[in-house]
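Sequence positions in the sequence shown follow full-length UniProt numbering and run 1 to 120.
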Amino acid sequence: MERGKHQRSASSSSSKNGVVAKIRCNCGREVVVRTVKNDPNLGKKFHSCPLWPDTDCKFFKWVDGGDEIADDLCFQLFKKDTTIAKLELEKSLIEEKVKKIQLKKDKLEEEFKKLSAEVT
Numbered sequence: 001m002e003r004g005k006h007q008r009s010a011s012s013s014s015s016k017n018g019v020v021a022k023i024r025c026n027c028g029r030e031v032v033v034r035t036v037k038n039d040p041n042l043g044k045k046f047h048s049c050p051l052w053p054d055t056d057c058k059f060f061k062w063v064d065g066g067d068e069i070a071d072d073l074c075f076q077l078f079k080k081d082t083t084i085a086k087l088e089l090e091k092s093l094i095e096e097k098v099k100k101i102q103l104k105k106d107k108l109e110e111e112f113k114k115l116s117a118e119v120t
């Protein structure tokens, strides 16, 4: 079964965090929970369009929270990307400082050569 896009809208029902999300399929209907009846996922529950299989709606989502795992992985990836961006910025700033120090060093060496030539 293909995995389609899904939409959520908040409801005021109570749950652990006080809000339950009503999941809607690609056609905008509230999804139903179905159970896989063949291997390899026998007995596993999933959300799908209530009109399936008599519709072109390809909405699919595992009940066991596969999206939460994906969301967590996306967040971890975001944190790593943010860390990389910060480190790249730091690297860039340090490289800029090194260039300035190198220019200052070159200038001082040039001045030293001139002063040495004047002394001799």
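A virtual CB, placed ideally from N, CA and C, is assigned to each residue, including glycine.
Straight-line Cα distance separating residue j from residue i
{"i": "residue 79", "j": "residue 70", "result": "14 Å"}
{"i": "residue 56", "j": "residue 41", "result": "23 Å"}
{"i": "residue 111", "j": "residue 94", "result": "25 Å"}
{"i": "residue 75", "j": "residue 37", "result": "33 Å"}
{"i": "residue 99", "j": "residue 72", "result": "40 Å"}
{"i": "residue 97", "j": "residue 117", "result": "30 Å"}
{"i": "residue 44", "j": "residue 60", "result": "13 Å"}
{"i": "residue 104", "j": "residue 84", "result": "30 Å"}
{"i": "residue 88", "j": "residue 62", "result": "38 Å"}
{"i": "residue 106", "j": "residue 77", "result": "43 Å"}
{"i": "residue 109", "j": "residue 90", "result": "28 Å"}
{"i": "residue 113", "j": "residue 81", "result": "47 Å"}
{"i": "residue 115", "j": "residue 92", "result": "35 Å"}
{"i": "residue 54", "j": "residue 39", "result": "23 Å"}
{"i": "residue 102", "j": "residue 119", "result": "25 Å"}
{"i": "residue 9", "j": "residue 86", "result": "Note that residue 9 has pLDDT 32, beneath the 50 cutoff, so the model's placement of it is unreliable and the number below is only indicative. For residue 9 and residue 86, the distance between alpha carbons rounds to 35 Å."}
Boundaries of the beta strand (DSSP E) in which residue i is found, first to last residue
{"i": "residue 62", "result": "60-62"}
{"i": "residue 32", "result": "32-35"}
{"i": "residue 44", "result": "No beta strand (DSSP E) holds residue 44; DSSP gives it neither H nor E."}
Member of the options whose CA lies at the smallest distance from the CA of residue i
{"i": "residue 25", "options": "43, 52, 44 and 36", "result": "52"}
{"i": "residue 32", "options": "23, 86 and 73", "result": "23"}
{"i": "residue 46", "options": "54, 64, 58 and 39", "result": "64"}
{"i": "residue 58", "options": "109, 27, 119 and 120", "result": "27"}
Rounded distance between the beta-carbons of residue j and residue i, thought under 8 Å
{"i": "residue 34", "j": "residue 48", "result": "5 Å"}
Within-9 Å CB hit, residue i to chain C
{"i": "residue 84", "result": "Chain labels in this structure do not include chain C; a single protein chain is all it has."}
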